[in-house]
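Have a look at the structure below before the remarks.
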Amino acid sequence: MRFPLRLKFFVFAVLLAVGPLALVGQNLTQLSRDELKSAANEDLTTVAAELRGTFDNTFQGRWLTPLMVIRNAVDSAELGVPQKISLLTLGLQELGQVAALQLSVEGSDLPIMVTNEGFANKLVVAGLDPVQVLATPPDLIKAIAETGQFGRPVISRLEATGDWMATLALPLNSKIAGRQVTMAAKIDLSLLSETVQRHPFAQRGEITVVDQAGRRVLTDTPELLIQRGIVASTLPLIVAGARADALEPYVRPDGTAMLGAYAFPDWFPWAVITELSEDNAYAVVNAITRQILMVGLIGFAAATAGALIFARRLSRPILRIGQVAQKVGEGDFGARVEDVRSRDEIGDLAQRFNRMIAHLGERVELMKFVSHSTMSAIQSAERTGMERGGRRRRVSVIFTDIRGYTEFSERVPPETVIEVLNSYFDVQTELVERFKGDVDKFVGDALVAVFEGEGMEGRAVECSVGIAEAMVQLLEQHPEHGLHVGIGVASGEVVMGAMGARDRMDFTVLGSTVNLSARLCSKAAPDQVLVDRETRDAAGLDGFVYDPLEPIALKGYAAPVPAFAARRIAVLAEATANPTPAQID
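The opening position of the sequence shown corresponds to residue 1 in the UniProt record's numbering, with each subsequent residue numbered one higher.
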């Protein structure tokens, strides 16, 4: 029958440790709850105020100010109607979120209107008439004029498409046949919706934007939320035009205790509400409580062990464990704790230590499957654990893709495919590490690498050109493979961090720079390195030349993107000295 040490030391440990531990734990927990509540309230207030400022800055800076500039230009008496229409069209092209611009003459039902082609096509697909949907009716313009709301948005929602729109009217000083002329704009508010959805706080809390009726706005489901106490508190303030930001804890109808804050944008009749459940806010306190219990139990066992006659018996297996730990520290993961047969916690510890050694050996092998940046992130988060999310970093990203891989994989056995692919990746990885880059991932026959720090653009270009040259040499050694490589290089800001599910994450980079690198890679010819303008301008390498290409149309980019083919000058000189028949022609 097993006689555990917990039972042996129980009486002495309870008298010595339980009382003080319980008192200290209670005080520490209460202090922690107070501090966390204060931090959570500050975070809620900060996020609400930040979104309020973003809404106001977006409206005034990105929409109202440019529209006023267009209005002032259209208001010029020196321009005729055709020139004013052209000005409206050009202005619409520059303002991506503006769906329509129109000039309305008082007393006329036939406005002069230009529409955003992309948004108009979206309405056509939904079976709607763009002109009818996007036109601002005279009654609305008259109502805006009577209430003195020129320059302020009137919010509506297109039920057929779910889009939230703002109607903005600006009067012109010039008149046509003695009648007032008004410029009206329809603005797509999807940018504000994306701002809310992508805010980091939305990953752990809830952000809600409501109007004066308590209806959720900027979402596909504009439900009424007036049953929430915090929403009901904001409605009188929205109607009154008050701008008093505040904190308000409350309990939802389902019984969930919430912490909340709200702020009011100056340009919109809305309230921005940020909420966090008390369970999430105090999660750290619960973890601290568990830590206190764990530490208390360990201290409990240690204190009692020194007071009992079993010290010698306890020290002997501990010394064995220490010796094995030293061997493991020296890299011997085959070492095990032997000859510990006691049927108590020490025996369990020896078995767990052996299991831990086995897991450490597995971890060392697993390290070969993750990038250096992933390991660095894991090491820096050893105490708190990996958290999802990321931070902005400026990096250079290269994508390499093996051309002819599909045809090659279909005509050779799978074992040969793996062997050849590994040899190609060995060469590419060695070059990435030589130029102080980090292999982010392998995706099929593609490699993604990230370069950070001083001179990252130049190192990325040197590495990419080196890979292209090395692949040419491999092709010369194995012409039967018929494999080439295409490479794309882009530099700029990315979001670097842990993404994925709570139990399965990937530490990687995301952003437009990564997308641009991948798109350039897809457009690169065999053995060609395509770089973007920012990489070319910042690389500053001697011995390299960047051949300008015609701007390339890339998926996801409205306009063709400038691209340049990077090569060594020596390679260019050799090609000039030994022209191919195509060059001679």
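The C-beta atom is built at its ideal place from N, Cα and C for all residues, glycine as well.
This one's a predicted model, so the numbers in the text were calculated from it and none came from an experiment.
Within 8 Å, strictly: CB atoms of residue i and residue j
| i | j | result |
| --- | --- | --- |
| residue 181 | residue 190 | no |
| residue 208 | residue 273 | yes |
| residue 257 | residue 223 | no |
| residue 489 | residue 460 | yes |
| residue 166 | residue 136 | no |
| residue 483 | residue 408 | yes |
| residue 218 | residue 196 | yes |
| residue 55 | residue 225 | no |
| residue 133 | residue 110 | no |
| residue 546 | residue 566 | yes |
| residue 67 | residue 168 | yes |
| residue 462 | residue 541 | yes |
| residue 253 | residue 227 | yes |
| residue 437 | residue 450 | yes |
| residue 151 | residue 172 | no |
| residue 448 | residue 397 | yes |
| residue 357 | residue 335 | yes |
| residue 261 | residue 535 | no |
| residue 73 | residue 87 | yes |
| residue 403 | residue 526 | yes |
| residue 267 | residue 83 | no |
| residue 78 | residue 179 | no |
Outcome for residue i when other beta-carbon atoms lying within 10 angstroms are tallied against a minimum of 16
| i | result |
| --- | --- |
| residue 445 | buried |
| residue 231 | buried |
| residue 458 | buried |
| residue 456 | buried |
| residue 113 | buried |
| residue 544 | buried |
| residue 377 | Because the pLDDT at residue 377 is just 49, under 50, the model does not fix this residue reliably, and the value given afterwards should be weighed accordingly. Buried, by the Cβ-count rule. |
| residue 102 | buried |
| residue 381 | At residue 381 the pLDDT is 48, less than 50, meaning the model places this residue with poor confidence; the figure from the coordinates comes in the next sentence. Counting Cβ neighbours within 10 Å, residue 381 comes out exposed, since fewer than 16 surround it. |
| residue 116 | buried |
| residue 275 | buried |
| residue 367 | For residue 367, the predicted model reports a pLDDT of 48, less than 50, meaning its position is unreliable; a value from the coordinates is still stated below. Exposed, because fewer than 16 other Cβ atoms sit within 10 Å of the Cβ of residue 367. |
| residue 234 | buried |
| residue 510 | exposed |
| residue 130 | buried |
| residue 90 | exposed |
| residue 497 | buried |
| residue 532 | buried |
| residue 491 | buried |
| residue 251 | exposed |
| residue 351 | exposed |
| residue 432 | buried |
| residue 569 | exposed |
N-terminal and C-terminal residue of the alpha helix (DSSP H) that residue i is part of
| i | result |
| --- | --- |
| residue 236 | 229 to 240 |
| residue 193 | 190 to 197 |
| residue 207 | Not the alpha helix (DSSP H): residue 207 falls in the beta strand (DSSP E), residues 206 to 211. |
| residue 70 | 65 to 74 |
| residue 173 | Where residue 173 is concerned, there is no enclosing alpha helix (DSSP H), although the beta strand (DSSP E) it sits in stretches over 164 to 176. |
| residue 473 | 456 to 477 |
| residue 99 | Taken as a continuous stretch (DSSP letters only), residue 99 belongs to no alpha helix (DSSP H), being part of the beta strand (DSSP E) at 98 to 105. |
| residue 536 | 533 to 539 |
| residue 252 | Careful: residue 252 lies outside any alpha helix (DSSP H) and carries neither H nor E. |
| residue 145 | 138 to 147 |
| residue 519 | 512 to 523 |
Whole-Å CB distance - residue i paired with residue j, under 8 Å assumed
| i | j | result |
| --- | --- | --- |
| residue 269 | residue 211 | 6 Å |
| residue 237 | residue 41 | Not confirmed; about 19 Å, so no contact. |
| residue 249 | residue 52 | Not really, about 20 Å apart at Cβ, beyond 8 Å. |
| residue 390 | residue 495 | 4 Å |
| residue 468 | residue 487 | 6 Å |
| residue 160 | residue 126 | 5 Å |
| residue 49 | residue 263 | 5 Å |
| residue 588 | residue 563 | Absent from the model: residue 588. The displayed extent of the chain is 1 to 585, so no value can be given. |
| residue 481 | residue 420 | 6 Å |
Residue span of the beta strand (DSSP E) that contains residue i, given as start and end
| i | result |
| --- | --- |
| residue 115 | 112 to 115 |
| residue 226 | Unbroken run through residue 226: none, as it is neither H nor E. |
| residue 279 | Looking at the DSSP string, residue 279 is not in any beta strand (DSSP E); the run it does join, the alpha helix (DSSP H), is 278 to 281. |
| residue 60 | That residue, residue 60, is in no beta strand (DSSP E); it is neither H nor E in DSSP. |
| residue 132 | Run containing residue 132: none in the beta strand (DSSP E); it sits in the alpha helix (DSSP H), 130 to 134. |
| residue 154 | 154 to 157 |
| residue 548 | 544 to 548 |
| residue 263 | 257 to 263 |
| residue 607 | Only positions 1 to 585 of the chain appear in the structure, and residue 607 is not among them; the question remains open. |
Query raised in the report: In chain order, which continuous runs of the beta strand (DSSP E) of length 3 or greater are located wholly inside the segment 404 to 448?
Result: Entirely contained in the segment 404 to 448, the beta strand (DSSP E) runs reaching 3 residues are, in chain order, 437 to 443.
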